[in-house]
Amino acid sequence: MPPAPGFTFPARCLAALLLSCAAGPSGAAPLTIGEAVLEPLPFSALPGFADDDLAAALATFRATCATPAAPVLAEAAPGAPSQDLAGPCAAAAGVAPEGARAFFEQNFSAYRVLRPNRDAPLERKAGFLTGYFEPELVGSPVPTPDFTVPALARPDDLVSLDPGETRPGLDPSLRAARQDGDAFRPYPDRAAIEDGALGARARPLLWLRDAVDLLVLQVQGSGRVRLTDGRSVRLAYDGRNGRPYTSVARLIVSGGHLPLEGLTLARWTGWLRANPDIARDLIRRNASYVFFRRDDGTPEGVGPRGAAGAPLTAGRSLAVDATLWRYGLPFWLEGSLPEPESGNTPLRRLVVAQDTGSAILGPARGDLYLGTGARAGAVAGLLRDPARFVVLLPKQGAAGTGAAP
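With the first letter of the sequence shown counted as 1, position 222 gets the number 222 in the UniProt record's numbering; the numbers rise by one all the way through.
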């Protein structure tokens, strides 16, 4: 029976209750991932699952399976579930669109990700969902008075470090290093790079209008650039200096320059351009710096490639913490999606882990790719809401169970 009004469970009782719920009727120890407990639940408990466009999710899943295997950053830990997708990938090859629902239900088991609240560790808490997009910018193949800020190629002395990987004498918190012979040093931060620390290793791919355009490109990780000579090129992520990322939009709010309510991408980038002196200081406080490469092989209309190596699909590709989750895992999201003209609409959708990001940390943290262009950017700028995350983990021995009915 429920406790009387005003009654409070002792902490140990709440812990036992949470773990017993997650363990299921067998009483087995619950599955865990990072700081989260995974609670099994039937697909019938996912509101709207049967009504979602699961064929679109299947196509996104199959695209991840078709790419060369990306480095696996997620490491198995005690109590962690298997994330081996070999069986489901094999089964997906012969599934017709109308068999998508049966495929997912037969090859995966659903688990709600229960993330403890740091202030109240035993409280069930929703995860957090943001959005990102591919900006469309204008640029020049050469510097001009109107295009003064370079988008740089990856320097040849940059050594990127996987999570947990270190180099002798280097701060373990740094995710990249500068190699000098057999020695490794911290890579220059944004301010130092802007002041010329790379020397001849600073190789511009093209030139943008200002530091704000470069910041947007670096935060989103890729972008389309329409050049003054009429060509359109895509710049793709090609590493970063490994320094900690600081949100410039958050600095604007914390500094009292703009309120958080109604803060859109257009509003805070417009404020930066209208206040260039303050903007320069705020942007340079973000020590992280991203380098790019030209990606001319992907046609317009096809999304940029995520960290998994597959083209991203608007509304179906999710960036996750790749130290916890393997690329290709499906996730069911329950939350809301902002519509710039009409407010929020319910978000109940199956998406696929295909990307990662330096700010995407934790088991119930995701960044939803929303497409290319200004409208996608408007939605992405407004999406920063609590959401429930349900991960679909592969059933053991499920290969071959996904044949179309």
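Every residue gets a Cβ at the ideal spot worked out from N, C-alpha and C, and that includes glycine.
Model, not experiment: these values are computed from the prediction.
*How long is the line joining the alpha carbons of Y237 and G357, rounded to whole angstroms?*
11 Å
*When the Cα atoms are used, what is the spatial distance from D51 to L251?*
41 Å
*Let me know if G199 comes out buried or exposed under the rule of 16 or more other beta-carbons within 10 Å of its beta-carbon.*
exposed
*Mind reading off the beta-carbon distance from L158 to R178? Whole number of angstroms is fine, and I expect it under 8 Å.*
7 Å
*Residue nearest to R243 in terms of C-alpha spacing, selected from G139, L174, L54, G181*: L174
_Can you look up S45 in the DSSP assignment and give me helix, strand or coil?_
First, the residue type needs correcting, since residue 45 is Ala and not Ser in the sequence shown. DSSP places A45 in helix when its eight states are reduced to three.
*Using a Cβ-Cβ cut-off of 6 Å (strictly less than) and excluding sequence neighbours within five positions of S160, which residues of its own chain qualify?*
A176, G239
*Considering only residues of the same chain and omitting the five flanking positions on each side of L260, which have a CB-CB separation below 6 Å?*
V253
_Please state whether the Cβ-Cβ distance between L391 and F61 is less than 7 Å._
Going by the sequence as given, residue 391 is Val instead of Leu. No; because the gap between Cβ atoms is not below 7 Å, this pair is not in contact.
_I need the DSSP call for N107, collapsed to helix, strand or coil._
helix
*Reduced DSSP category for V379 - H, G, I as helix; E, B as strand; rest coil*: helix
_Assigned secondary structure, D210 (DSSP; H/G/I helix, E/B strand, else coil)_ = coil
_Which of the three DSSP states is assigned to W332 in this structure?_
strand
*Taking the beta strand (DSSP E) that L392 falls in, what are its first and last residues?*
384 to 394
*Does the distance from the C-beta atom of A36 to that of V113 stay below 7 Å?*
yes
*Contact check, G139 vs L215 under 8 Å by CB: the rounded distance?*
Contact doesn't hold; Cβ gap of about 14 Å is too wide.
*Grab me the residues of I283's own chain with a C-beta within less than 7 Å of its C-beta, minus the 5 sequence neighbours each way, in chain order.*
A211, L215, V248
_From the DSSP secondary-structure annotation, give me the bridge partner or partners of V233._
V225
*Would you decide whether S109 is buried or exposed? Buried here means 16 or more other CB atoms lie within 10 Å of its CB.*
buried
*asked:* Just list the residues that DSSP pairs I33 with in beta bridges.
replied: A36
*Would Q396 be called buried (16 or more neighbouring beta carbons within 10 Å of its own) or exposed?*
exposed
*Residue(s) in a DSSP beta bridge with A55*: Per DSSP, none; premise fails for A55.
*Does the beta-carbon of E165 have 16 or more other beta-carbons within 10 angstroms, so that it is buried, or is it exposed?*
exposed
*Specify the secondary structure class of T60 as computed by DSSP and reduced to three states.*
helix
*Along the chain, where does the beta strand (DSSP E) that runs through S140 open and close?*
136 to 140
*Report the rounded CA-to-CA distance for residue 412 versus P188, giving the unit in angstroms.*
Since the first residue of the chain shown is 1 and the last is 405, residue 412 is not available in this structure.
*Rounded C-beta distance between Y369 and A314? I'm assuming under 8 Å.*
6 Å
*What is the C-beta distance between G127 and R365, in whole angstroms, given that I count them as a contact (C-beta under 8 Å)?*
6 Å
_Cβ separation of D355 and A307, assumed to be a contact under 8 Å, to the nearest whole Å_ = 5 Å
*asked:* Using the three-state DSSP reduction, which class does D355 fall into: helix, strand or coil?
replied: strand
_With H, G and I counted as helix, E and B as strand and the rest as coil, what does DSSP make of S254?_
helix
*If we ignore side chains and look at the alpha-carbon of each, how far apart do residue 417 and D156 end up?*
It is not possible to answer for residue 417, since the shown part of the chain is limited to 1 through 405.
*Use the C-beta contact count for S82: other C-beta atoms within 10 angstroms, 16 or more gives buried, fewer gives exposed.*
exposed
*Are A310 and F133 closer than 7 Å when you measure CB to CB?*
no
*Taking just the CA atoms, how far does L41 sit from W271?*
46 Å
*Measure the C-alpha to C-alpha separation of L258 and T269 and round it to an integer number of angstroms.*
11 Å
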